[in-house]
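Worksheet: the structure to be examined is printed underneath.
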Ligand code: PA5
């Protein structure tokens, strides 16, 4: 059986240096405290155990996903931040499965253009709605739900609430109260799991199950990393090595991290990671600024800056050992483009070589970093990646001495907007 765990390679960094060894040691201690529940924010570390804890509910989630797919063509997922990015990342990366519904996204902005387009797209389609909000009171999803509820009421009459599933806190919040009152189907977000760490809870799993994606494999991949993290020593744990490398580079002035992705199907994964890192680490004047680059698209736009701009960037490449074997590049083409040498080869191979060539150029141009290589882009490996990044981000935040699991800055913005609305 090949080793399917993601592996980490350090580039432009000496893994044997005393500096790196000390940080690995410290990360190992922080991991032990995280697992023991003795770090700041310990009451929100339920995500660590989600893979094992979701196991008994997977049948219910898969069953509900099948019911949604049988009764509708589209599932509108209403949520913002941690309440939609994980599901959307996996949906874009893996694509809709056979017999799955199409997913549409609402409540992740206040754009009237997007809201109008969505409602127009739903005209004439059978759809269901999954409203996701841990607090049950976030403005963007709440407003989107009002608009969708009006549309659904007109379309389905009083039975519209049978087409809604609410995913929220098990005990509190306006959505929970409404669902209880109206007998609307609900899924619980464990109270110990915060938004950006919730992709492996019903927040991510229900929409993905409805889309026909193998959520069992996703959870099992995450479980594989969870068990590894519980037993591996610090120097063998990919999340610890990655977190340590990020912090060493930051200490050398590389306070911006670019996550370089092998293709646009992973752009939303990049956005998920950006939120995870930014919201968990950016506190008390600390934290690495997370940013994303998509190959090879962005080499024709912002790649120049990485190669030649200010030396404040560290770069993490995400790669897959096996990328899609199709399509194969035709042996000849209509134009003398000088590319016959790749005729008959998979486009995925060219992608891989482009990634390696870019990495060589960036490393030679003094952009240090790491490469995280997963086996292939499937639910199991994506589950592994979700867990590795969650653990690494939590460790980095703890290393900086901040609570990874709160978001005082987000609360401040919410208050500011509420004050403006109150002046209406
Ligand atoms: O990670 C977080 O906690 C946030 O991004 C939340 O997910 C986001 O603000 C949405 O909150 P809620 O799920 O309460 O609507």
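In the working numbering, the protein residues as written are 385 to 808.
A virtual CB, placed ideally from N, CA and C, is assigned to each residue, including glycine.
Computed from a predicted model, the values in this text were never measured in an experiment.
- Residues 641, 658, 661, 662 of the same chain have their beta carbon placed closer than 6 Å to that of residue 674, with the five preceding and five following residues left out of the count.
- Buried is the label assigned to residue 664, since at least 16 other Cβ atoms lie within 10 Å of its Cβ.
- In terms of CA proximity to residue 638, 690 leads the group 610, 655, 690.
- Under DSSP, the beta-bridge partners assigned to residue 673 are 640.
- A distance of 8 Å or more separates the beta carbons of residue 787 and residue 646.
- Bridge partners of residue 760 according to DSSP: 706.
- Around the C-beta of residue 525, 16 or more other C-beta atoms lie within 10 Å, and the residue is accordingly described as buried.
- Between the alpha carbons of residue 421 and residue 427 lies a distance of about 8 Å.
- In this structure, residue 663 has its CB closer than 7 Å to one or more heavy atoms of the ligand PA5.
- The stretch 585-633 contains, as complete alpha helix (DSSP H) runs of 4+ residues, the segments 586-594, 599-615 (chain order).
- Exposure of residue 804 is indicated by the presence of fewer than 16 other C-beta atoms within 10 angstroms of its C-beta.
- Runs of the alpha helix (DSSP H) spanning 4 or more residues and lying entirely within the stretch 469-516 occur at 469-478, 496-506, in chain order.
- The ligand PA5 has no heavy atom closer than 7 Å to the beta-carbon of residue 605.
- Excluding its 5 nearest sequence neighbours in each direction, residue 510 has C-beta neighbours in its own chain below 8 Å: 455, 456, 457, 458, listed in chain order.
- Taking all protein chains in view, the Cβ of residue 696 is surrounded by fewer than 16 other Cβ atoms within 10 Å, so the residue is classified as exposed.
- Its chain contains no residue whose beta carbon lies nearer than 6 Å to that of residue 533 once the 5 sequence neighbours on both sides are disregarded.
- The Cβ atoms of residue 699 and residue 753 sit closer than 8 Å to each other.
- With the rule of 3 Cβ pairs closer than 8 Å, the stretch 670-689 counts as touching the stretch 738-746.
- Looking at the backbone, the Cα of residue 651 and that of residue 402 are separated by about 36 Å.
- For residue 523, the uninterrupted alpha helix (DSSP H) segment begins and ends at 523-540.
- When the alpha-carbon of residue 588 is set against those of 390, 781, 446, the nearest one is in 446.
- Residue 584 places its beta carbon less than 8 Å from that of residue 606.
- According to DSSP, residue 571 shares a beta bridge with 551.
- Counted as a single uninterrupted DSSP element, the stretch harbouring residue 458 is not any alpha helix (DSSP H) but the beta strand (DSSP E) occupying residues 458-462.
- Distances from the CA of residue 528 to each of 519, 742, 513, 799 were compared; the closest alpha carbon is that of 513.
- Residue 580 has its CB nearer than 7 Å to a heavy atom of the ligand PA5.
- DSSP places residue 393 in the uninterrupted beta strand (DSSP E) bounded by 391-395.
- When C-alpha distances from residue 713 are compared across 468, 720, 732, 703, the shortest belongs to 732.
- Using a Cβ-Cβ distance cut-off of 8 Å, the stretch 474-490 and the stretch 757-777 are in contact, since at least three pairs of beta carbons, one from each stretch, lie closer than that value.
- Annotated as proximal: residue 396 and residue 747, with beta-carbon spacing under 8 Å.
- Within 7 Å of the C-beta of residue 522 there is at least one heavy atom belonging to the ligand PA5.
- Rounded to the nearest angstrom, the gap between the Cα atoms of residue 553 and residue 575 is 6 Å.
- Annotated as proximal: residue 489 and residue 461, with beta-carbon spacing under 8 Å.
- Of the heavy atoms belonging to the ligand PA5, at least one sits nearer than 7 Å to the Cβ of residue 465.
- The Cβ atoms of residue 531 and residue 551 do not sit closer than 8 Å to each other.
- A contact between stretches requires three or more CB pairs, one per stretch, nearer than 8 Å, and the stretch 478-497 fails this requirement with the stretch 536-544.
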